[in-house]
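For our numbering, add 360 to where a residue sits in the sequence shown, where the first one is 1. From the three backbone atoms N, C-alpha and C, an ideal C-beta is built for every residue, glycine too.
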Amino acid sequence: MDSDSDSADSGGEGTSYGLKKKMKYSQSYKSDWEKEPRFTGWLIKSQKGKNFGFCKACNKDINISSGKDSLIKHTQRKIHEQNVKSIKNQPSVTKFVTDTKRRQRAQDTKEAEIRLAAFVAEHNLPFTVMEHLPDLIKNICSDSEIARGLASSRTKTMSIVKNVIGQEEFLNVCEDLRQNKFSLIVDESTDVSTTKHLCSVVRYRKNNVIKDKFFALLPLSNADAKTLYNVVIDLFKTNNILYKNNLIGFSADGANVMMGKTNSLMVLLKKDIPFLFVMKCTCHSFHLCASYASQKIPRFVEDLVRDIHNYFNSSPKRTSEFRDFQAFCNIKTHKILHPSQTRWLSVQSVVSRILEQYKPLKLYFTDAVFQNDDF
């Protein structure tokens, strides 16, 4: 009995250990899937658990416990395809921020180039300086992205001054003339290319400040009064400036075509504006007065100041010797000036300089007489 009983027990145990229990496998999320082309851009790890992936396009958790096939089936859904397309067309926040910074940097660079062009124009520098100035700024400010982006050479700077700064300033002046009373100052001239131009400057008050602004440089086909009048009036009409209401003053030189009593620009303007205040150029008036007054002075006076200038101007040795006499007399070492043929009132400054240097000049020429018998 015992032996049968033992064999029965052992047989039961053999049956229990012989049966293998089937294990269930659950797939976990793998970050490497995000690099696959079909999953790139929308698949990320889910916060729900390790057996889930998250679709950014559909805003949905995907159960991947059965394997990657669940993700493949999800990509085949039409709604998913539509959502993925919309995501591709929609810029990301990072890209939006990057593009915004890039646009702002480009805008700052343009502003820097405009300021450099304005600096060149304001200080009357040659445009060729822009062949080297941007490179100098780049080397000095090597840590500045704006400096590295500067690309304004001579030609571009000329275009900025003419088409950006100049045009904007012209529009601002036109707007001021539409809203304020103003005076017009003109002068006709011929440049080196023998092209006649009419230069116009306006004077007006804005915010209790008197402003003198360059208005326009107008080419002329002819220099008669009618042509000058038509050019000026066309300029006002083209820019919608009510000159009959706002123009209150006119000034020009004393030329007959400008200020003649019968047929001049002044007469034609006064036909449109009867109460127009007219004033001749004060510089021309003073020059005419001085010219007539100087005719009463003996000719040898002007000849004397010219000869004194020519005596020193042609000889560095004489100029050096004259400095010694200036130092001896404790007089400033100023040069002897030359009376200009075209510059207004130039004789006055020349005579003043002669009087200032009179003592060392007298000593110098006295010494020259004794040192040189042929003087």
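Inset, instruction - Measure the alpha-carbon distance for Val323 versus Gln407 and round it to whole angstroms. - result: Outside the shown range of the chain, which is 361 to 735, sits residue 323, and nothing can be said about it.
Inset, instruction - With distances taken Cα to Cα, identify the nearest neighbour of Leu588 among Leu715, Asn499, Asp536 and Asn616. - result: Of all alpha-carbon atoms in Leu715, Asn499, Asp536 and Asn616, the one lying nearest the alpha-carbon of Leu588 is that of Asn616.
Legend entry - Run of the alpha helix (DSSP H) containing Asp815, from where it starts to where it stops: A question about residue 815 goes unanswered here, because the residues of the chain that appear run from 361 up to 735.
Legend entry - Three CB pairs or more closer than 8 Å across the region 577–586 and the region 646–660: With a cut-off of 8 Å, the region 646–660 and the region 577–586 do not count as touching, because too few Cβ pairs lie within range.
Inset, instruction - For the alpha helix (DSSP H) holding Val707, just list the boundary residues, first then last. - result: Ser706 to Glu716
Inset, instruction - Flag this pair as yes or no: are the beta carbons of Val546 and Cys559 separated by less than 8 Å? - result: With respect to the 8 Å criterion, Val546 and Cys559 are classified as neighbours on the basis of their beta carbons.
Legend entry - Secondary structure of Gly374, DSSP reduced to three states: Only weak support is given to the placement of Gly374: the predicted model assigns it a pLDDT of 47, under 50, and the question is left unresolved by the model.
Inset, instruction - In the DSSP assignment, find the alpha helix (DSSP H) that holds Tyr389 and state where it starts and stops. - result: Here Tyr389 belongs to no alpha helix (DSSP H), and DSSP marks it neither H nor E.
Legend entry - Which of helix, strand or coil DSSP assigns to Pro579: strand
Inset, instruction - Assign Glu528 to one of two classes, buried (16 or more other C-beta atoms within 10 Å of its C-beta) or exposed (fewer than that). - result: exposed
Inset, instruction - Take Val740 as the anchor and find which of Ala576, Phe725 and Tyr671 has the nearest alpha-carbon. - result: The displayed coordinates of the chain run from 361 to 735. Any statement about residue 740 would go beyond what the structure contains.
Legend entry - Span separating the alpha-carbon of Asn605 from that of Arg666: 51 Å
Legend entry - Cβ-heavy atom distance, Asp547 to the ligand FMN, below 7 Å: As presented, the structure is devoid of all ligands, the ligand FMN included, so that no description of it is given.
Inset, instruction - Look at the alpha carbon of Met618 and the alpha carbon of Lys556, and state the distance between them as a whole number of angstroms. - result: 15 Å
Legend entry - Which listed residue (Val707, Cys649, Ala728 and His669) has its alpha carbon closest to that of Phe685: Ala728
Legend entry - Buried or exposed by the 16-neighbour rule on C-beta atoms within 10 Å, applied to Ser376: The predicted position of Ser376 is uncertain, since its pLDDT is 48 and thus under 50; no value can be drawn from it.
Legend entry - Helix, strand or coil at Ser367 [DSSP, three-state]: For Ser367, the predicted structure reports a pLDDT of 44, less than 50, and the residue's modelled location is therefore unreliable. A value from the coordinates is still provided. Three-state DSSP puts Ser367 in a helix.
Inset, instruction - Look up Ser624 in the DSSP assignment and say whether it is helix, strand or coil. - result: coil
Inset, instruction - Can you grab the Cα-Cα spacing for the pair Phe688 / Gln655, in whole Å? - result: 36 Å
Legend entry - Limits of the unbroken alpha helix (DSSP H) element including Ser645: Thr642 to Ser654
Inset, instruction - Kindly give me the distance between the Cβ atoms of Lys516 and Asp536, rounded to whole angstroms, as I take these residues to be in contact under 8 Å. - result: Their Cβ separation, rounded to whole angstroms, is 29 Å, which puts Lys516 and Asp536 out of contact at 8 Å.
Inset, instruction - Would you mind stating whether Leu636 and Phe542 have Cβ atoms separated by less than 8 Å? - result: Taking C-beta atoms as the reference points, Leu636 and Phe542 fail to come closer than 8 Å.
Inset, instruction - Under 6 Å Cβ to Cβ from Ile696, same chain only, skipping five residues before and after it: list those, please. - result: Ile668, His669 and Phe672
Inset, instruction - Please work out which residues of its chain come closer than 7 Å, Cβ to Cβ, to Ile424, disregarding the five sequence neighbours upstream and downstream, and give them in chain order. - result: Gln387, Tyr389, Asn411, Phe412, Gly413, Ser430 and Leu431
Inset, instruction - Compute the Euclidean distance between the alpha carbons of Ile447 and Lys420, then round it to the nearest angstrom. - result: 14 Å
Inset, instruction - Report buried or exposed for Ile520, applying the criterion of at least 16 other Cβ atoms within 10 angstroms of its Cβ. - result: buried
Legend entry - 6 Å CB neighbourhood of Tyr603 in its chain, flanking five on each side removed: Phe596
Inset, instruction - Since I believe Ala612 is in contact with Leu756 (beta carbons under 8 Å), could you give me their beta-carbon distance rounded to a whole number of angstroms? - result: Given a span of 361 to 735 for the chain in the structure shown, any question on residue 756 remains unanswerable.
Inset, instruction - Provide the residue(s) that pair with Cys415 in DSSP beta bridges, ordered along the chain. - result: Leu403 and Lys420
Inset, instruction - Report yes if the CB atom of Gly609 is closer than 8 Å to the CB atom of Cys641, and no otherwise. - result: no
Legend entry - Test item: CB-CB of Phe682 and Tyr718 under 8 Å: no
Inset, instruction - With a threshold of 16 other CB atoms inside 10 Å of the CB of His492, please say whether the residue is buried or exposed. - result: exposed
Legend entry - Beta-bridge partners of Ala612, as assigned by DSSP: Note: Ala612 sits in a beta bridge opposite Lys640.
Inset, instruction - Kindly indicate the opening and closing residues of the alpha helix (DSSP H) around Asp499. - result: Before going further, note that residue 499 is Asn rather than Asp in the sequence given. Here the alpha helix (DSSP H) through Asn499 covers Leu493 to Ile500.
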